[in-house]
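Colleague:
Number of protein chains: 2
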Amino acid sequence: MLDHLNFELITPTAAVHRKLHGARAKCLQRLIRLGMPVPDTVALSAATVRAIAGGQQPDTKALLEHFGSWPVLSVRASPVMPDWGGPGTILNIGMNRTNEAFFASRLGSTAAAALHLKFIRSYAVDVARLDDEMFDIPNLTVENALSAYEDETDEAFPQDVEVQLFNVLKSMARAWEGTSARLLRMSKGAPEDAGLGLVVQRMAFGMGKGESGSGVIQFINSDSGDAQEVGRYKPQSQGRDALSGGENDTMFLTQDKRGPSLQESKPDVFNELCRLGEVSRTGLREEMQIEFTLEGGKLFILDAVNAPRSARAEVAVVTSLANDEIISREDAVLRIEPRALSELLHQQVSPKAKRDVFARGIAASPGAATGKLVFDSFAAQTAAAQGEACILVRRETSPEDVRGMHAARGILTERGGANGHAAVIARGLGLPCVAGATDIDINTKARTMRGADGRVFSEGDVITLDGTKGQVLVGAMPMVEAGIGGAFRELLTWADEMRDIGVRANADTPEDAEVASLFNAEGIGLCRTEHMFFGEDRLTVLREAIFAEDAEDRAAALSRLLPMQRADFRDMFRIMAPRPVCLRLFDPPLHEFLPSTRAGIVELADALDMSAREVQARVDDLSEVNPMLGMRGVRLGITVPEIYDMQARAIFEAAIEASSEGAVVVPEVMIPLVSAKREVEIVKSRIDAVAADVMSETGKTLEYRLGVMVETPRAALRAGDIATHASFLSFGTNDMTQMTYGLSRDDAGRFMSTYVNQGVFPEDPFLALDQDGVGELLALASERGRHVRAKLTLSVCGEHGGDPDSIEFCRSLGMDYVSCSPYRVPIARLAAAQLAIRKPLEEDDVYEFPEDDGFVPL
Amino acid sequence: MLDHLNFELITPTAAVHRKLHGARAKCLQRLIRLGMPVPDTVALSAATVRAIAGGQQPDTKALLEHFGSWPVLSVRASPVMPDWGGPGTILNIGMNRTNEAFFASRLGSTAAAALHLKFIRSYAVDVARLDDEMFDIPNLTVENALSAYEDETDEAFPQDVEVQLFNVLKSMARAWEGTSARLLRMSKGAPEDAGLGLVVQRMAFGMGKGESGSGVIQFINSDSGDAQEVGRYKPQSQGRDALSGGENDTMFLTQDKRGPSLQESKPDVFNELCRLGEVSRTGLREEMQIEFTLEGGKLFILDAVNAPRSARAEVAVVTSLANDEIISREDAVLRIEPRALSELLHQQVSPKAKRDVFARGIAASPGAATGKLVFDSFAAQTAAAQGEACILVRRETSPEDVRGMHAARGILTERGGANGHAAVIARGLGLPCVAGATDIDINTKARTMRGADGRVFSEGDVITLDGTKGQVLVGAMPMVEAGIGGAFRELLTWADEMRDIGVRANADTPEDAEVASLFNAEGIGLCRTEHMFFGEDRLTVLREAIFAEDAEDRAAALSRLLPMQRADFRDMFRIMAPRPVCLRLFDPPLHEFLPSTRAGIVELADALDMSAREVQARVDDLSEVNPMLGMRGVRLGITVPEIYDMQARAIFEAAIEASSEGAVVVPEVMIPLVSAKREVEIVKSRIDAVAADVMSETGKTLEYRLGVMVETPRAALRAGDIATHASFLSFGTNDMTQMTYGLSRDDAGRFMSTYVNQGVFPEDPFLALDQDGVGELLALASERGRHVRAKLTLSVCGEHGGDPDSIEFCRSLGMDYVSCSPYRVPIARLAAAQLAIRKPLEEDDVYEFPEDDGFVPL
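First to last, the protein sequences are chains A and B. One point on numbering: in the numbering used here, the residue at position 471 of the first sequence is 465, and numbering is uninterrupted. One point on numbering: in the numbering used here, the residue at position 295 of the second sequence is 289, and numbering is uninterrupted.
(1) Could you confirm whether any beta carbon from chain B is found closer than 8 Å to the beta carbon of P851(A)?
(2) Provide the residue(s) that pair with G209(A) in DSSP beta bridges, ordered along the chain.
(3) Go ahead and pull the three-state DSSP assignment for P6(B).
(4) Output yes if chain B places a C-beta closer than 8 Å to the C-beta of V396(A); else output no.
(5) Between the Cα of F286(A) and the Cα atoms of T54(A), S206(A), G253(A), D531(A), which residue gives the shortest distance?
(6) Mind checking if T718(A) is an interface residue toward chain B, Cβ cutoff 8 Å exclusive?
(7) Is V418(B) close to chain A? Criterion is C-beta to C-beta, closer than 8 Å.
(8) Which residue spans inside the segment 455 to 501 of chain A form an unbroken beta strand (DSSP E) run of at least 3?
(9) Would you verify that the beta carbon of T629(B) is, or is not, closer than 8 Å to some beta carbon of chain A?
(10) So, for F113(A): in the same chain, excluding its five sequence neighbours on each side, which residues have a beta-carbon less than 6 Å away from its beta-carbon?
(11) Suppose you measure from the CA of F369(A) to the CA of C427(A); what does that come to, to the nearest Å?
(12) In whole angstroms, what is the alpha-carbon distance linking I214(B) and E337(B)?
(13) Should R12(A) be flagged as near chain B, meaning a C-beta pair shorter than 8 Å?
(14) Which ranges does the beta strand (DSSP E) cover as unbroken runs of at least 3 residues, wholly within the segment 506 to 544 of chain B, from first to last along the chain?
(15) Hey, A611(A) and I595(A): beta-carbon distance below 8 Å or not?
(16) Under the rule that 16 or more other beta-carbon atoms within 10 Å means buried, what is W64(B), buried or exposed?
(17) In the DSSP assignment, find the unbroken alpha helix (DSSP H) run with T787(A) in it and report its ends.
(18) Assess, as a yes-or-no matter, whether the segment 726 to 738 of chain B is touched by the segment 701 to 712 of chain B under the definition of 3 or more beta carbon pairs within less than 8 Å.
(19) Go ahead and pull the three-state DSSP assignment for P426(A).
(20) Return no unless some Cβ of chain A is closer than 8 Å to the Cβ of L667(B).
(21) Let me know if A95(A) comes out buried or exposed under the rule of 16 or more other beta-carbons within 10 Å of its beta-carbon.
(22) In terms of alpha-carbon separation, which member of E491(A), L25(A), L423(A) lies closest to A402(A)?
(23) By the DSSP assignment, the beta strand (DSSP E) with K292(A) in it spans what residues?
(24) So for N0(B), helix, strand or coil by DSSP?
(25) In three-state DSSP terms, what is R354(B)?
(26) Which class does A47(B) belong to by DSSP, given the choice of helix, strand or coil?
(27) Would you mind giving the Cβ-Cβ distance between M443(B) and D433(B), rounded to the nearest angstrom? I have them listed as a contact below 8 Å.
(28) Could you run through the segment 745 to 772 of chain B and flag, in chain order, every residue whose CB is less than 8 Å away from some CB of chain A?
(29) If the cut is a Cβ gap below 8 Å, which residues of chain A does T860(B) touch?
(30) Report the option in S165(A), Q828(A), E484(A), S103(A) whose CA atom is closest to the CA atom of L124(A).
(31) Using a Cβ-Cβ distance under 8 Å, would F843(A) count as near chain B?
(32) Do you know how far the Cα of S679(A) is from the Cα of T734(B)?
(33) State buried or exposed for N413(B), treating a residue as buried only when at least 16 other CB atoms are found within 10 Å of its CB.
(34) Could you tell me if Q50(A) is buried or exposed, where buried requires 16 or more neighbouring beta carbons within 10 angstroms of its beta carbon?
(35) I want to see whether chain B comes within less than 8 Å of E618(A), judged by CB atoms only; does it?
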């Protein structure tokens, strides 16, 4: 028998701890401290509950003594974190023939019998694990319920309150130990050995004489976070009945023309609830949802949990709490999970919508969109030209599809992973994307797509993509708009004041730069200048350059691209000025710009006045076994220098144009895929020469910075050499991860889930920076680079730049900034601020929430 | 005017130095020290020659004083290394009207006029840069030659000996400074600022009265190195005339039934030459080729150079010198350039053959072969089955072609580099290969190939591949057989006694193991176990496994491969026992084993009783964007564990079988493409389980070692972790280089030559290990691995394992062995011995040839 000390009657001064007794127990203590009318409650520690699960008999007699002569109780789960789940609440423990009779006199026999019957049923189902259907009996009464129970179990229904209570406790304790419950809570971050606290509470009866009933109230709108009394009240009910009741038997809380309300019928109760709401908001520093019961007119507060809310509402709540000086701005910033912001940045499928899912894939880019199905880039552009929303479906996307991706509202692919081409481009464009939906079957000839369940959709059919959840839905869905309103901006302004590492955006076009600016990026950290070539007119000219016979012809073709690139760069400089813009010179292999289909080849042959055979031969010539490791980046810059010459000229001429408007434009030019110092020297000397030419032609002076994208392991190892010629190094962690692991992100999807599930990799290294391997290369490179050049600017411009853990790592290496997709900039800003708050200056210890600081992390 | 001290009359004690005066000057001093009858010779230092080239006037009067009253001289080039080239010798300087008259009385007027005329012509051509055709005059005499000269130059032919000599010296000095001469000698390793010495020698006249003439003699056969007097003698001649003369006017040296010989006509002279040959062999510790002149019966030795010889002859010479105790065994080992050995291991095109080259490519695998052209693997196998030699021509090869490559005598590809698939396989098979012959044009439909010059060859036409030179030749060529005879074996046995790092071979089949054993490899360092699957029968079964519906079907198909792999492994263990065999588990992506052509897909569909569409879909499913970085190696081992299970069982059963024959077989099992410790743990636990099963089934005990192939940068960085589970680490430097640079060896060919020519990379990092980048990873990994496990076995098993510089690096890291293609094993053994001699123990200073140690590196 366990020591009765393991039962802790909750008083303002009792030793109740969240880690021992769970969040619910702790919260109830706080409500009591705030003077709320909470019925007597006893907390059982996780150790006690674990012992009970193991078959030990608690001292139920001692437990019951806490409730004096009041023998009817509820038991609720109290895990350390509310989202770890736990067994459902059991009410009315203690009801038996004797007590029914006892309560009949106080509540009326109908209510007493109803309570008794409710307990019998929930005990049968939750404790004895019987099927509730056994109570499908006409004119069900306590008596025939008891008989049914006895028939089923060959045992009489327990009349002893101690036995009832022990069995309830044991049943709940054991439910917690079940495998599926454990896996579920571990998926929410619970440790494998997480324990469960329980709270035993004296029942307040919402059924019975006088004004009795129960309800739930909160003081914010869950979607918007705006102040509003929300909830239901149901006379003659208990628990959370009011929430599941229909409109006929429940009441509105506030005055409502659709029906009766608590505000009208019991204004004193309503006002008291509002007062208690204010007390809890101030005292608990949170917006709570309160469960209350009226027992013959007397108000009891049984429980409170954080009011449920969208990410958008959460931002509004913390901002409002800070503005009301209930919490500090730092606390407000700390309370928002940075990743949750991404939900705010995009339109989402309404949580109330009914979903008809016909395929699932990887949630590759958040947000939702509805549109007509199209199967190629051309159809997408046609639809867009006609003002029709469309969803582009491809087996997988390639740079040829980028124009179509720009025209579409969302992207669905059968192949590819969270960092494949489709995903990266979609995130950059802020488009929802479901990638790797392997259960769809595309028939490009018939222009149809079969879903996982066999339904077939044709071009023009309307579908909805949910890129947040990775679902593909039939038809149009109601949407919730993006939530980047005042509170969002206010909170991020606070974050900007706190953080100590810069945040830039990756932006490839003036349109991207506008988004980056909207999200207050402190500059462009990566402009993939080749993305500008995907415009129809530009692609044709670029292809001419690729097919040029010699350097002279090539330069001539490229000179036609010059004004277009110059205009793009000038616009980006204008949009961002005086913030810096870092332009990465042409990077991908040339074959990415050539058609891969027969039709595309014929079309190109027409355009170039060549035979299809010749075009095909050139395409074949340029094709590569491992394009990722092929003729791209600086290798092109050295072997086909005309491209970089043209780009450098476009950059410098654009900078002079934009500077002449008064802004100070200092372009940053970045060389990709470097693996040796000599590559930098060669490219630098040509670029310096172009700059000198431009200056002498225009008679203007020009400042610029030249840097290197460090994305090969060798560039990291040789960063000391390379930094002698570079004023900045920016780590391309996507490629660095690919090369360090020997792992193509395009091909890794096939086994990454197996790998992560089996714990081979703790996480997908394309999502969370691998600090042990890739990170060591970053650390080595940072140290070696700064050793040679103390003021070397260091940054990360891969996808990891928007990942909070990766930002933490970059900050620990002393990097100057991170750069990420525009739509991840807010996340990075917030995450960076949290890091600065948690680990200011040189402090190395991990920040932990103080146990009793008054902040309720429920 | 330069100080006359810069002219050094060569005496036994004169201050003549190779670095200052050149190799020829030094060699002449040695001949003089040995008492040879060398005419008076004066050495000009490189500084003097450079000043002359710059226009300074030397004190020719002082120079001439060294020759007293004898005014006729020769000038020869004397570079520091003989193979750096230099201007041709000029004879008879000093001949003018006066001297002609003087010599007419001593030599006869005909000889004197001939000498004078010879000088006029060579001065006109070499000094005045005139065209020799101007002397195409009927009845050419001194007088009309002098007129022709005057007509052409508007100047009289110089009569002043000082003027003649100055102009000759200046002309030779300036020829050395020319751009093409400089590039040529730099390609032989000369520094950019290498200078030229000159030697001025008193002429001995082989034309004139009495027994006069000149000749060349050496004492070895240049092809075999066997002792033999070889050369020609020509009466009434000078210089090297004897070598260019016809059979009618030259004499054999030794008695010969085809005509007169020096041995018969002048036995005393012949015997004296043989004596001097022996003196020079012993004194110079080399086999020399001696230029001699008889002047009225008196013998003069004018010059000596190392006797020209094949690599095979060089081995015979140094072995013989060591056996005669003229040089030490260490010297013998040091004298052979390891890379030169590869010429001995293969049949070569005879150096005397006339070549008709129709295409050139990369010399990807040495040796030569003649055979009929075939355009696919099937045709190659058919030809082989009919006993016909064939040359396989492919655009590029893939693993599908391996069977055809086995059947062919040589491989020619249009694409691919020195480390592409074709090259690597060909080197492993010891087949000649010319890869990346981009100037051929293959028409696979017509089964024809167009050469660089437009000639078209059809299937069945006979061609010859020269993989040593990278040439493709029309027709059959005479061949020189491989030279791995007694001297070769003897020398390598000495090398084995000296070296202190192990040499193993990469061998994938029992046949390869035989070759490895022939070349005395100390074990197999890398057996790519998947190569055994390319047999016709095996490939089909493997494909069944790939197409299996589930793990059970897959295991069933694989179980049919088990006996085949077991038999291969057992044979390899038997061949190598008691030497170790390291077996790398299955590595390549599965799609490499599937057909890529339509015909192959249809054939496979037939074999598997599936529709071609289904087969195509599966092939598409498995195809990868970057196969190098995809689903291969340990990733397959973890996601499709049945393959490794089968292989482990085959290895252990084979080891037990082979052990039962008395040998001690301790197989080494190697896991490829590891990037995380957990991968090793997972595979290790399955392999240990298989071993336990096999032991319990057979009742035998079994020892084995488990190790990891370190080929990703991450595995190198995490070598400390990984070594906790590995008893050896073997560096796969090919893949490591690819990943460290972000550079696919299959695609690098396109720009590697540009890169090396522009000095972006000092060398192709696939040929010479990149010590700064890849090397640092190897060093880090070695240190971290040994820190965790002091007795960790370390090795390199990439292509670099056979590269002398890379071996030096591996040895400096304390590696236990290198492993390379069987045909590179002799090279590695020799290179390793040289390292041990040059840097014994801890000595870190680079070995240099002592300036005056008597060893002539001419």
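No residue lacks a Cβ here, since even glycine has one placed at the ideal position from N, Cα and C. As the structure is a computational prediction, the values presented were derived from the model and not from experiment.
Modeller: In this structure, then:
(1) Residue mapping note: residue 851(A) aligns to position 857 of the first sequence, counting from 1. Legend: pLDDT at P851(A) = 31, less than 50; position of this residue unreliable, value from coordinates given subsequently. Judged by the 8 Å Cβ criterion, P851(A) is not in contact with chain B.
(2) The count along the first sequence starts at 1 and reaches residue 209(A) at position 215. BP columns for G209(A) point to Y227(A), F286(A).
(3) On the second sequence, position 12 is the one that residue 6(B) refers to. In the three-state scheme derived from DSSP, where H, G and I count as helix and E and B as strand, P6(B) is classed as coil.
(4) One-based indexing of the first sequence puts residue 396(A) at position 402. No, V396(A) does not count as interfacial toward chain B.
(5) Counted from its first residue, the first sequence places residue 286(A) at position 292. Looking at the Cα atoms, S206(A) is the closest of the given residues.
(6) One-based indexing of the first sequence puts residue 718(A) at position 724. By this cut-off, T718(A) is not an interface position.
(7) Within the second sequence, numbered from 1, the residue matching residue 418(B) stands at position 424. Chain A, which has no Cβ nearer than 8 Å to the Cβ of V418(B), makes this no.
(8) 456 to 460, 465 to 468, 496 to 500
(9) Translated into the one-based positions of the second sequence, residue 629(B) becomes position 635. Thr is not the amino acid found at residue 629(B); the sequence shown has Arg there. Closer than 8 Å to some Cβ of chain A, the Cβ of R629(B) qualifies, so yes.
(10) Position 119 of the first sequence, counted from the first residue, corresponds to residue 113(A). Closer than 6 Å at the Cβ level, and outside the excluded window around F113(A), lie N86, M89.
(11) The residue you call residue 369(A) lines up with position 375 of the first sequence. The residue you call residue 427(A) lines up with position 433 of the first sequence. For F369(A) and C427(A), the distance between alpha carbons rounds to 15 Å.
(12) Within the second sequence, the letter at position 220 stands for residue 214(B). Within the second sequence, the letter at position 343 stands for residue 337(B). Each residue's alpha carbon lies about 19 Å from the other.
(13) Here residue 12(A) refers to the residue found at position 18 when the first sequence is read from its first residue. False, the Cβ-Cβ gap to chain B never drops below 8 Å.
(14) For the beta strand (DSSP E) assignment, the uninterrupted runs of no fewer than 3 residues enclosed by the segment 506 to 544 of chain B are, from N- to C-terminal side, 518 to 522.
(15) Here residue 611(A) is taken as the residue at index 617 of the first sequence, counted from 1. Here residue 595(A) is taken as the residue at index 601 of the first sequence, counted from 1. Their beta carbons are not under 8 Å apart, which means A611(A) does not touch I595(A) by this criterion.
(16) For the purposes of this step, residue 64(B) is taken as the residue at position 70 of the second sequence. Exposed, by the Cβ-count rule.
(17) The count along the first sequence starts at 1 and reaches residue 787(A) at position 793. From DSSP, T787(A) is part of no alpha helix (DSSP H) but of the beta strand (DSSP E) over 787 to 790.
(18) yes
(19) As a working mapping, residue 426(A) is identified with position 432 in the first sequence. P426(A): coil per DSSP, three-state reduction.
(20) Mapped onto the second sequence, residue 667(B) falls at position 673. For L667(B), the nearest CB of chain A lies under 8 Å from its own CB, placing it at the interface with that chain.
(21) Here residue 95(A) corresponds to residue number 101 of the first sequence, with the count starting at 1. A residue is called buried once 16 or more other Cβ atoms fall within 10 Å of its Cβ, and A95(A), having fewer, is exposed.
(22) Residue mapping note: residue 402(A) aligns to position 408 of the first sequence, counting from 1. When only C-alpha atoms are compared, the closest one is L423(A).
(23) Taking the first residue of the first sequence as 1, we reach residue 292(A) at position 298. Element bounds for K292(A): 292 to 300.
(24) Here residue 0(B) refers to the residue found at position 6 when the second sequence is read from its first residue. Correct three-state label for N0(B): helix.
(25) Residue numbering aside, residue 354(B) sits at position 360 when the second sequence is read from its first letter. Of the three classes helix, strand and coil, the one that applies to R354(B) here is strand, per DSSP.
(26) The residue given as residue 47(B) occupies position 53 in the second sequence. Residue state, collapsed to three classes: helix.
(27) If you number the second sequence from 1, residue 443(B) lands on position 449. If you number the second sequence from 1, residue 433(B) lands on position 439. The Cβ separation is near 11 Å, so there is no contact.
(28) F745, T748, Y749, Q752, G753, V754, F755, D764, D766, G767, V768, E770, L771
(29) The question about residue 860(B) has no answer, for chain B in this structure spans -5 to 852.
(30) Against the first sequence, residue 124(A) aligns to sequence position 130. Nearest C-alpha to L124(A): S165(A).
(31) In the first sequence, counting from the first residue as 1, residue 843(A) sits at position 849. Only weak support is given to the placement of F843(A): the predicted model assigns it a pLDDT of 30, under 50, and the value that follows is read from those uncertain coordinates. Not one chain B Cβ lies under 8 Å of F843(A).
(32) Here residue 734(B) corresponds to residue number 740 of the second sequence, with the count starting at 1. Here residue 679(A) corresponds to residue number 685 of the first sequence, with the count starting at 1. Cα to Cα, T734(B) sits roughly 25 Å from S679(A).
(33) Taking the first residue of the second sequence as position 1, residue 413(B) is located at position 419. With 16 or more other Cβ atoms within 10 Å, it is buried.
(34) As a first step, residue 50(A) must be located in the first sequence, where it is residue number 56. Flag for Q50(A) reads exposed.
(35) Counting from 1 along the first sequence, the entry for residue 618(A) is found at position 624. Using beta-carbon distances, E618(A) counts as an interface residue toward chain B, with a partner under 8 Å.
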